[in-house]
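The structure under discussion appears below in the form of structure tokens.
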Amino acid sequence: MNARPVIDDLSSFWMPFTANRQFKAAPRLLESAKGMYYRSTDGREVLDGCAGLWCVNAGHCRDEIV
Numbered sequence: 002m003n004a005r006p007v008i009d010d011l012s013s014f015w016m017p018f019t020a021n022r023q024f025k026a027a028p029r030l031l032e033s034a035k036g037m038y039y040r041s042t043d044g045r046e047v048l049d050g051c052a053g054l055w056c057v058n059a060g061h062c063r064d065e066i067v
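The opening residue of the sequence shown carries number 2 in this note's numbering; numbering runs sequentially from there.
Below is the structure:
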């Protein structure tokens, strides 16, 4: 069983369109994507509501395409 990596030092991360101070205080990280959902590090599914507009029209990791 693979252990999930723990990111406890976010000092080297900078995202130009993110409020970095707030992100580093309470990071929301995604670990995978399948179909139209992302999966967060705590196991929640998050709808990828914007991807179809610009870059992932068919969804993430579709077996028919891969």
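No residue lacks a Cβ here, since even glycine has one placed at the ideal position from N, Cα and C.
In this text, all values refer to a predicted model and were calculated from it rather than measured experimentally.
When DSSP reads this structure, VAL47 sits in a beta bridge with TYR39. Separation of TRP15 and ARG63 (C-alpha to C-alpha, rounded to the nearest whole angstrom) is 30 Å. Between the alpha carbons of VAL57 and ILE66 lies a gap of roughly 12 Å.
Here SER33 is bridged, per DSSP, to ARG40.
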